[in-house]
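Shown next, in structure tokens, is the structure this report addresses.
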Amino acid sequence: MTMQNKIIAAIRKIPKGKVSTYGAVARAAGYPRYARQVARTLHMAAALNLPWHRVLGAGGEIKLTGHSAFEQRFRLQSEGVAFRGRRVDMRTHEHKFSKPRSPRRKAQ
DNA sequence: AGGGTGACGATCA
DNA sequence: ATGATCGCCACCC
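So in this note's numbering, the last one in the first sequence is 1575, and the numbering has no gaps at all.
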């Protein structure tokens, strides 16, 4: 299993109406500090059919620029994600990964 | 091999 | 809140 595959798998777990962040996805995939690689992976989101719009920067901020940023915001609002200013209200929309950080035995 | 580059993130002024 | 700086790390010349 490559790092990129794990990152992709993590992104696929974000349900509609919820969001996550580059850093959180990286951690959920088992690669803390690899936020930039998550972003890199998202460049092929369309081809991989990934919910790319559900991944935001730390604090729920859209890191895209120009038209893409607008589209991301539009897509999120379309599935019920509320914004507070320029940021998503993470308190109510952040997806919590159930990924165990310490593969100890197993999550009961 | 070496240096520049990000859809990052945390910290500080 | 905003901008600068720095640490990070796979990619792409």
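Glycine is no exception: its CB is placed at the ideal position from the N, C-alpha and C atoms.
A quick note: this is a predicted structure, and the numbers were derived from the prediction, not measured.
| Check | Outcome |
| --- | --- |
| Pull up the distance between the alpha-carbon of HIS1534 and that of ILE1481, whole angstroms please. | 23 Å |
| Once you ignore the five residues that flank PRO1499 on each side, which residues in its own chain have a CB closer than 7 Å to its CB? | ALA1493 |
| ASN1472 to GLN1544, Cα distance in whole Å? | 28 Å |
| Pick out whichever of TYR1501, SER1565, TYR1489 has its Cα sitting closest to the Cα of ALA1520. | It should be pointed out that residue 1520 corresponds to His in this sequence rather than to Ala. With distances taken between Cα atoms, HIS1520 lies closest to TYR1489. |
| Out of ILE1529, GLU1561, HIS1562, point me to the one whose CA is closest to ARG1553's CA. | ILE1529 |
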